[in-house]
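**Q** Before I ask anything, here is the structure I am working with.
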Amino acid sequence: MSKKKVNEEKTGLPEETLQKIRHELNQFSEIEKACIFGSRAKGNFKSGSDIDIALFGGKISYKILKEVTYQLNEETTMPYFFDLVHYENINNNALITHINEFGLRL
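Per our numbering, the very first residue in the sequence shown carries number 799; after that it's consecutive.
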């Protein structure tokens, strides 16, 4: 993951939205860190682009991943679709490389 921190200019996400995302993620002690990847991290997003988030932590279960995804997509008022992955369970080497190169820490 890049050492760069996420910012509004790069991602198109207002600081208020980034703070809300951090707040939701902080409700789950299993999450050790998280980063935004995909078009929002690369800076080539469109207005309707989803928000791809990789979650890091050895104690994140499939159930936790689904709970966090549900919380962000259904229980918040943020007008975005969130697509979450558990980094430690990714089997796609190209995706791992992408997250390592472009991921922006939340």
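C-beta atoms are modelled at their ideal positions from N, C-alpha and C, and glycine is treated no differently. The model shown is predicted, which means the values in this text are computed figures rather than measured ones.
What is the residue span of the beta strand (DSSP E) that isoleucine 888 lies within?
**A** Premise fails: isoleucine 888 is in no beta strand (DSSP E) and is neither H nor E.
**Q** Do you know how far the Cα of arginine 903 is from the Cα of glutamate 814?
**A** The straight-line gap separating the alpha-carbon atoms of glutamate 814 and arginine 903 is approximately 16 Å.
**Q** Can you tell me which of Asp850, Gly856, Glu865 puts its alpha carbon nearest to the alpha carbon of glutamine 825?
**A** Glu865
**Q** Return the first residue and the last residue of the beta strand (DSSP E) that lysine 831 is part of.
**A** 831-835
**Q** Between glutamate 886 and threonine 895, what straight-line distance do the alpha-carbon atoms span, to the nearest angstrom?
**A** Within the model, the alpha-carbon separation for glutamate 886 versus threonine 895 is close to 13 Å.
**Q** What is the residue span of the alpha helix (DSSP H) that leucine 863 lies within?
**A** 860-872
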